[in-house]
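Participant: Have a look at this one.
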Amino acid sequence: MDRNEFVSELDRILERIRDYIEEKHELPISADYSGELNHYTFYFPRKGEYSPEIASLFIKRLRKYSLEAYDILSNEGSNEDLDPIRIIVGVLQLVAKRIARPVSKG
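Under my numbering, the first residue of the sequence shown carries the number -9, and numbering increases by one thereafter.
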């Protein structure tokens, strides 16, 4: 997948994620750290209320980091890892431990 195709697909997927966040005001994710599955939820509050501005910033950063991951992986010649969904999930898993709220372990 070339970069233009990746960007087009990435934007389509991010729009669906944005719609989900606007509806649910959160984004759950599961992440496997060293064989242990952990469940996290990203929340988007400001003063206890849902903030579309924070959600929008989250999507913009997710896009930025996904594009950076694509560029790194494509420069390494790792074509099988260039799927936009895999890259988005990978980015979310990397940041989940730092900014998402743990839900449970399973």
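A virtual CB, placed ideally from N, CA and C, is assigned to each residue, including glycine.
Small disclaimer: the values here were computed from a predicted structure and weren't measured.
Alpha carbons only, please: which of Ala59, Glu12 and Leu84 is nearest the one belonging to Asp73?
Facilitator: Ala59
Participant: Just how far apart, CA to CA, sit Gln83 and Ile3?
Facilitator: 17 Å
Participant: In three-state terms, what does DSSP make of Glu66?
Facilitator: coil
Participant: Who are the near neighbours of Thr31 in its chain, counting only those whose CB is closer than 8 Å to its CB and skipping five residues on each side?
Facilitator: Glu16, Leu17, Pro18, Ile19, Ala90, Arg91 and Val93
Participant: Throw me the rounded Cβ distance for the Ile49 and Ile7 pair, which I believe falls under 8 Å.
Facilitator: 7 Å
Participant: Quick one: what does DSSP say Asp9 is sitting in, helix, strand or coil?
Facilitator: Helix.
Participant: Taking C-beta to C-beta, are Ser64 and Ile78 nearer than 9 Å?
Facilitator: no
Participant: With Ala86 as the anchor, note down where its alpha helix (DSSP H) starts and where it stops.
Facilitator: Pro74 to Ile89
Participant: Pull up the distance between the alpha-carbon of Arg53 and that of Ile11, whole angstroms please.
Facilitator: 15 Å
Participant: What are the start and end residues of the beta strand (DSSP E) that includes His29?
Facilitator: Here the beta strand (DSSP E) through His29 covers Glu26 to Tyr33.
Participant: Please classify Leu27 as buried or exposed, where buried requires at least 16 neighbouring CB atoms within 10 angstroms.
Facilitator: exposed
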